[in-house]
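S.K.: Pasting a structure here, questions to come.
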Amino acid sequence: MPAMSRLPGLALLLAGAVSAGPGVGPVVIIPGDGSNQLEARLNKPSTVSSLCSKKSDWYRLWLSTTQLLVGTRCWADNIRLLYDEEHDVLTNNLGVETRVPDFGGTSSFEELDPAIPAHASAAFRKMVVAMVAAGHTRNVTLRGAPYDFRYAPPSPVGAKFQADLKTLVEQTATASERRVTLVSHSMGCLQALYFLNSQTQAWKDQFVEKWVPLAGPFAGSAVEMKLHASGNNMGLPVDPLIIREEQRSYETNFWLAPVPRWFGGRVLVSTPSRNYTAGDYDAFFDDVGFPAGKKLMRRVAGLTSEVAAPGVDVVCMYGLGVDTPDHFVYGPGGFDKQPQVVNGDGDGTVNDHSLRLCERWAEPGAQSRSARVVKFSKVSHSDMLTDDAVLQALLSELGLAWHGAEEASLVV
Ligand SMILES: *[C@@H]1O[C@H](CO)[C@@H](O)[C@H](O)[C@H]1NC(C)=O
Ligand SMILES: *[C@@H]1O[C@H](CO)[C@@H](O)[C@H](O)[C@H]1NC(C)=O
27 MPAMSRLPGL
37 ALLLAGAVSA
47 GPGVGPVVII
57 PGDGSNQLEA
67 RLNKPSTVSS
77 LCSKKSDWYR
87 LWLSTTQLLV
97 GTRCWADNIR
107 LLYDEEHDVL
117 TNNLGVETRV
127 PDFGGTSSFE
137 ELDPAIPAHA
147 SAAFRKMVVA
157 MVAAGHTRNV
167 TLRGAPYDFR
177 YAPPSPVGAK
187 FQADLKTLVE
197 QTATASERRV
207 TLVSHSMGCL
217 QALYFLNSQT
227 QAWKDQFVEK
237 WVPLAGPFAG
247 SAVEMKLHAS
257 GNNMGLPVDP
267 LIIREEQRSY
277 ETNFWLAPVP
287 RWFGGRVLVS
297 TPSRNYTAGD
307 YDAFFDDVGF
317 PAGKKLMRRV
327 AGLTSEVAAP
337 GVDVVCMYGL
347 GVDTPDHFVY
357 GPGGFDKQPQ
367 VVNGDGDGTV
377 NDHSLRLCER
387 WAEPGAQSRS
397 ARVVKFSKVS
407 HSDMLTDDAV
417 LQALLSELGL
427 AWHGAEEASL
437 VV
């Protein structure tokens with residue numbers, strides 16, 4: 027399960043009146059970890075239980091709430107990655123093919139599990155509806171860059187996403203004869219930062235108008251330590267130990283781990299026998315019984331850890347003032363027992379100092395392009411996609427009129 031997934035909420039909200047704005051600037055949205063659908067097709071040599079299917083046609087692997095809750099072991103075995111440590115290669119599990127629906131469109135991240143009625147698993151739906159109400163056209167001026175959120179750029183699947191994103195930005199800019207604004211959320215901000223840092227300044231000048239990162243975990247997040255140690259069920263009625271191995275297998279759950287350079291000497295995990303900081307990954311992964319984590323950590327360590335200035339105009343938005351795990355205390359029962367959680371500041375998922383790293387880009391001399399920060403009080407990580415104040419600020423940055431958001435009594 028993704029660490030920062032957008033779990034089903036109850037967002038029965040729709041934007042209000044439609045008014046076409048002439049000449050809206052094109053936008054590409056890059057969603058966060060687990061914030062878009064992923065499909066699978068099975069032809070497996072074996073399964074973890076006789077209750078699991080070996081064969082299937084294409085179906086929605088993420089998110090199928092029913093499968094996740096009812097067939098957790100089957101689901102976890104289908105979505106996990108395999109790590110060949112000797113060759114440092116990550117792949118899907120044997121006999122599992124995966125694909126991301128509607129690259130270029132927004133449908134796969136507007137809602138995650140369309141089987142849940144009333145759009146209750148809505149992720150970007152409200153944002154997209156508000157943008158369409160303000161004059162955008164899906165698939166034309168408003169594009170989406172969903173991706174397989176398990177893989178990071180060092181894997182072929184992750185590298186292909188980066189290449190496809192470049193093509194999408196170029197095509198969208200060319201088709202509308204205007205530069206593209208990138209809007210990203212959560213891990214999508216790491217994808218976008220890596221992407222921008224990988225392009226030449228000339229390319230960015232030609233194709234990118236600005237970047238609006240929402241709730242970017244620029245230095246990673248402490249919650250990843252608990253995920254690797256004892257699993258993270260995101261509050262769902264699932265035993266975290268059943269999904270721990272699956273969660274440990276995602277390349278992105280290492281990319282999202284606290285970056286030593288920025289987390290410094292902060293104690294993230296304590297046991298009766300020692301404390302672990304982000305500088306202690308080798309000991310940490312040995313001690314939690316997952317030594318392959320050491321190599322997986324090194325695989326992604328250099329992607330965005332410098333938090334280098336993106337070289338485009340940036341308006342960085344995040345929320346603070348929400349209790350956010352920053353320290354996990356394990357007892358004598360070891361890492362198979364869930365820890366006591368000590369909270370600090372942040373957006374409930376990402377720690378304050380990680381969200382705030384984008385402030386560096388606004389310091390004099392950090393980059394020749396403009397950089398601003400817009401903070402929101404008590405807006406949680408996932409609410410950055412749905413909060414009216416955030417959406418109003420976002421639309422304003424996009425040069426769009428806000429028509430308000432009215433609650434639909436019943437969305438069919
Ligand atoms: C966007 O394009 C995709 C792929 O061509 C298509 O499946 C989808 O229906 C389109 N969405 C809209 C709103 O036109
Ligand atoms: C862990 O650090 C705390 C202070 O942050 C200290 O009181 C405690 O003794 C340390 N525990 C161990 C086992 O070293």
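In this text, residue positions in the sequence shown follow our numbering: the first is 27, and each later residue adds one. Note that the Cβ used here is the ideal one computed from N, Cα and C, for glycine as well.
Tell me, to the nearest whole angstrom, how far the beta carbon of Gly-58 is from that of Met-251; I am working on the premise that it is less than 8 Å.
M.R.: What you label residue 58 is simply residue 32 of the sequence shown in a count that begins at 1. What you label residue 251 is simply residue 225 of the sequence shown in a count that begins at 1. Between Met-251 and Gly-58 the Cβ distance is about 19 Å, and since that is not below 8 Å, they are no contact.
S.K.: Enumerate in chain order the residues of its own chain whose CB-to-CB distance from Trp-101 is below 6 Å, with the five nearest sequence positions on each side excluded.
M.R.: Locating residue 101 in the sequence shown gives position 75, where the first residue counts as 1. For Trp-101, where only same-chain residues beyond five positions count, the Cβ hits under 6 Å are Gln-93, Leu-94.
S.K.: On the three-state DSSP scale, how would you describe Val-5?
M.R.: This structure cannot settle anything about residue 5, because the visible part of the chain is limited to 27 through 438.
S.K.: Starting from the N-terminal side, write out each stretch of the beta strand (DSSP E) that is 3 residues or longer and does not extend beyond the segment 160 to 232.
M.R.: Within the segment 160 to 232, the complete beta strand (DSSP E) runs of at least 3 residues are 168 to 170, 206 to 211.
S.K.: Applying the 10 Å Cβ sphere with the 16-neighbour rule, what's the burial state of His-113?
M.R.: On the sequence shown, position 87 is the one that residue 113 refers to. Exposed, by the Cβ-count rule.
S.K.: Please identify the residue among Lys-404, Val-115, Glu-136, Gly-51 whose C-alpha is closest to the C-alpha of Ala-149.
M.R.: As a first step, residue 149 is located in the sequence shown; it is residue number 123 there, counting from the start. Minimum Cα distance to Ala-149 is reached at Glu-136.
S.K.: To which residues does DSSP link Pro-243 through a beta bridge?
M.R.: Mapped onto the sequence shown, residue 243 falls at position 217. Looking at the DSSP assignment, Pro-243 forms no beta bridge with any residue, so it has no partner.
S.K.: Quick check on Asp-139: buried or exposed, where buried means 16 or more other Cβ atoms within 10 Å of its Cβ?
M.R.: Here residue 139 refers to the residue found at position 113 of the sequence shown. Asp-139 comes out buried.
S.K.: Determine the direct distance from the alpha carbon of Arg-86 to that of Ser-134, and round the result to whole angstroms.
M.R.: Numbered from its first residue, the sequence shown carries residue 134 at position 108. Numbered from its first residue, the sequence shown carries residue 86 at position 60. If I take the Cα positions, the gap works out to 11 Å.
S.K.: Once the 5 residues before and after Asp-128 are set aside, which same chain residues still bring their CB inside 6 Å of it?
M.R.: For the purposes of this step, residue 128 is taken as the residue at position 102 of the sequence shown. If we look at Asp-128 and ignore the five residues flanking it on each side, its Cβ neighbours are Ser-134.
S.K.: Per DSSP, which one or two residues make a beta bridge with Ser-403?
M.R.: In the sequence shown, residue 403 corresponds to position 377, counting from 1. The partner list for Ser-403 (beta bridge, DSSP) reads Leu-346.
S.K.: Considering only residues of the same chain and omitting the five flanking positions on each side of Pro-48, which have a CB-CB separation below 6 Å?
M.R.: Counting from 1 along the sequence shown, the entry for residue 48 is found at position 22. Confidence in Pro-48 is poor, its pLDDT being 49 and thus under 50, which makes the residue's placement too unreliable to answer from.
S.K.: Sorted by chain position, which residues of the same chain lie with C-beta nearer than 7 Å to Lys-236's C-beta, five sequence neighbours on each side aside?
M.R.: As a first step, residue 236 is located in the sequence shown; it is residue number 210 there, counting from the start. Closer than 7 Å at Cβ, skipping near neighbours: Thr-207, Val-338, Asp-339, Val-340, Val-341.
S.K.: From Leu-33 to Gly-290, what distance separates their C-alpha atoms?
M.R.: Looking up residue 33 in the sequence shown gives position 7. Looking up residue 290 in the sequence shown gives position 264. With a pLDDT of only 48 at Leu-33, under the threshold of 50, the placement of this residue in the model should not be trusted; the figure read from the coordinates follows. Cα-Cα distance, rounded: 31 Å.
S.K.: With a cut-off of 8 Å, do at least 3 Cβ pairs link the segment 219 to 230 to the segment 252 to 271?
M.R.: No, because fewer than three Cβ pairs between the segment 219 to 230 and the segment 252 to 271 fall closer than 8 Å, the two stretches do not touch.
S.K.: Can you give me the C-alpha to C-alpha distance between Ser-90 and Gly-391, rounded to a whole angstrom?
M.R.: Numbered from 1 along the sequence shown, position 64 holds the residue referred to as residue 90. Numbered from 1 along the sequence shown, position 365 holds the residue referred to as residue 391. For Ser-90 and Gly-391, the distance between alpha carbons rounds to 47 Å.
S.K.: In the DSSP assignment, find the unbroken alpha helix (DSSP H) run with Lys-320 in it and report its ends.
M.R.: As a first step, residue 320 must be located in the sequence shown, where it is residue number 294. First-last of the alpha helix (DSSP H) with Lys-320: 318 to 326.
S.K.: Compare the C-alpha of Gly-170 against each of Ala-159, Glu-332, Val-126 and name the closest.
M.R.: Sequence index remark: in the sequence shown, residue 170 carries index 144 (1-based). Minimum Cα distance to Gly-170 is reached at Val-126.
S.K.: Between Val-96, Gln-232, Leu-294, Asp-103, which has its C-alpha nearest Val-74's C-alpha?
M.R.: For the purposes of this step, residue 74 is identified with residue 48 of the sequence shown, where counting begins at 1. Nearest C-alpha to Val-74: Asp-103.
S.K.: Taking the continuous alpha helix (DSSP H) assigned at Arg-270, which residues delimit it?
M.R.: The count along the sequence shown starts at 1 and reaches residue 270 at position 244. From DSSP, the alpha helix (DSSP H) with Arg-270 extends over 266 to 274.
S.K.: At 3 residues or longer, and completely inside the segment 93 to 118: list those beta strand (DSSP E) runs for me, N to C.
M.R.: DSSP runs (the beta strand (DSSP E)) wholly in the segment 93 to 118: 107 to 110, 115 to 118.
S.K.: What did DSSP end up calling His-353 once you bin it into helix, strand or coil?
M.R.: As a position in the sequence shown, residue 353 is number 327, starting the count at 1. It is a strand residue.
S.K.: Where Lys-320 and Arg-204 are concerned, what is the direct C-alpha to C-alpha distance, given to the nearest angstrom?
M.R.: Reading the sequence shown from its first residue, position 294 is the one you call residue 320. Reading the sequence shown from its first residue, position 178 is the one you call residue 204. Roughly 44 Å between the two C-alpha positions.
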